[in-house]
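Undergrad: Please read through the structure below; I'll follow up with questions.
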Ligand code: CNA
């Protein structure tokens, strides 16, 4: 039987990876983490927007706006409770990146995600560029001193009434994790890494991103013409749509299915399974055995499920927010 377009695309990519003479640079977004239970921004009717709708924000992206946070940090911390690392397990895609690292084929991972799942899957810090920061470090927004993550975690997990927002032990200012808000610059590491890497990208795997947030969204358009660019996404996006190149490979598919197929073609499936199994055991053993209400957690629990609204009124609000976010292009 004749191969489908996607099968041809997967075979072409597998051939390039098997050759072993080119390194892979990943450019990834929220879509590689949706299988972990973390919703992206733009897929319609997901719990993240449902949660945003409940926060009574003046506009949806205010939750990540530094000016808004300075006056009203609570909505961000309501969302942070849902997104805080430690609640989610990495996806097959994250373990695929780790496998690429283990094979000596990884050049760099540029991620827009703030969930740190790359790190949890075992990708080494030297490869990771968290373009929009992460929850790993925290600073006081007034005196700018670094504040221990334990203070933030304590506030998020063991919150008592009225103490949702962590405060600086020195000056009592609001503490904010170092994730990049609208109105803030990207981390220096993003610019220095890209300066070093831009001309050295050989295979670019762009995955799970709508390529709408700049400057990140322009990275795939800045790689050299002889680089092989691969888009793994449910929909066509960014430069792959407006300026498609002859070497581009389009795999318009679910990220997890992509990993299963490509690993099959590369003969990496059992190694991937092992990584996932061992990774899961490690994460589970390092988790607290009690939940934030002091109840025993079920063995093998994976929490972090987002609540979805069912009432007509709430669904309408969510849809309006989706529309406004799409218009604002965040
Ligand atoms: P986005 O704009 O929400 O786009 C996600 C893209 O992924 C869309 O094109 C979807 O069609 C696609 N997609 C969703 N699920 C899958 C899947 N399973 N397989 C394949 N494709 C899929 O998200 P971007 O990352 O492009 O936007 C950048 C924002 C979103 C960044 O600033 C992030 O910090 C922010 N964000 C991060 C997280 C996270 O850390 N996990 C979650 C939600 C939002």
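Numbering (the numbering used here), first residue to last: 26 to 355. Glycine residues also receive a C-beta, built at the ideal position from the N, C-alpha and C atoms.
For residue 45, does the three-state DSSP call read helix, strand or coil?
TA: If you number the chain shown from 1, residue 45 lands on position 20. Of the three classes helix, strand and coil, the one that applies to residue 45 here is coil, per DSSP.
Undergrad: Take residue 33 as the anchor and find which of 255, 300, 266 has the nearest alpha-carbon.
TA: Residue 33 sits at position 8 when you count from the first residue of the chain shown. Answer by Cα proximity: 255.
Undergrad: Here's the rule I'm using: 16 or more other beta-carbon atoms within 10 Å means buried, otherwise exposed. How should residue 239 be labelled?
TA: The residue you call residue 239 lines up with position 214 of the chain shown. By the neighbour-count rule (16 or more Cβ atoms within 10 Å), residue 239 is not buried but exposed.
Undergrad: Using the C-alpha atoms, what's the distance from residue 41 back to residue 264?
TA: Your numbering for residue 264 matches position 239 in the chain shown. Your numbering for residue 41 matches position 16 in the chain shown. So the alpha carbons of these two residues sit roughly 22 Å apart.
Undergrad: Measuring straight from C-alpha to C-alpha, what distance separates residue 227 and residue 133?
TA: For this step, residue 227 is matched to residue 202 along the chain shown. For this step, residue 133 is matched to residue 108 along the chain shown. Their backbone Cα atoms lie some 11 Å apart in a straight line.
Undergrad: Under 6 Å from any heavy atom of the ligand CNA, by CB: list those residues in chain order, please.
TA: That query returns the following residues: 54, 55, 56, 58, 59, 60, 63, 65, 66, 67, 68, 137, 138, 139, 140, 157, 233, 234, 235, 237, 238, 258, 259, 260, 262, 279, 280.
Undergrad: Flag this pair as yes or no: are the beta carbons of residue 160 and residue 93 separated by less than 9 Å?
TA: On the chain shown, position 135 is the one that residue 160 refers to. On the chain shown, position 68 is the one that residue 93 refers to. No, the Cβ-Cβ distance between residue 160 and residue 93 is not below 9 Å.
Undergrad: Please classify residue 149: does DSSP put it in a helix, a strand, or coil?
TA: Position 124 of the chain shown, counted from the first residue, corresponds to residue 149. Reduced to three states, the DSSP call for residue 149 is coil.
Undergrad: Tell me the residue span of the alpha helix (DSSP H) that contains residue 118.
TA: Within the chain shown, residue 118 is the residue found at index 93, counting from 1. Here the alpha helix (DSSP H) through residue 118 covers 117 to 127.
Undergrad: May I have the straight-line CA-CA distance separating residue 304 from residue 105, to the nearest angstrom?
TA: Taking the first residue of the chain shown as 1, we reach residue 304 at position 279. Taking the first residue of the chain shown as 1, we reach residue 105 at position 80. Between residue 304 and residue 105, the C-alpha separation is close to 24 Å.
Undergrad: For residue 271 and residue 246, I'd like the C-alpha separation in whole angstroms.
TA: Numbered from 1 along the chain shown, position 246 holds the residue referred to as residue 271. Numbered from 1 along the chain shown, position 221 holds the residue referred to as residue 246. About 13 Å.
Undergrad: Quick one: measure Cβ to Cβ for residue 262 and residue 294, integer angstroms, because I've assumed they're closer than 8 Å.
TA: For the purposes of this step, residue 262 is identified with residue 237 of the chain shown, where counting begins at 1. For the purposes of this step, residue 294 is identified with residue 269 of the chain shown, where counting begins at 1. With a Cβ gap of about 28 Å, residue 262 and residue 294 do not count as contacting.
Undergrad: Just verifying my parser: in three-state terms, what is the DSSP assignment at residue 256?
TA: Locating residue 256 in the chain shown gives position 231, where the first residue counts as 1. Three-state result, residue 256: strand.
Undergrad: Assign residue 171 to one of three DSSP states: helix, strand, or coil.
TA: The residue you call residue 171 lines up with position 146 of the chain shown. Residue state, collapsed to three classes: strand.
Undergrad: Going by beta carbon distance, what residues of the same chain come within less than 6 Å of residue 115, once the five residues before and after it are set aside?
TA: Position 90 of the chain shown, counted from the start, is the residue given in the question as residue 115. Only 142, 145, 146 meet the Cβ criterion.
Undergrad: Under the three-state reduction of DSSP, which class applies to residue 83: helix, strand or coil?
TA: Along the chain shown, read from residue 1 onward, the residue named residue 83 stands at position 58. If DSSP states are grouped into helix, strand and coil, residue 83 belongs with coil.
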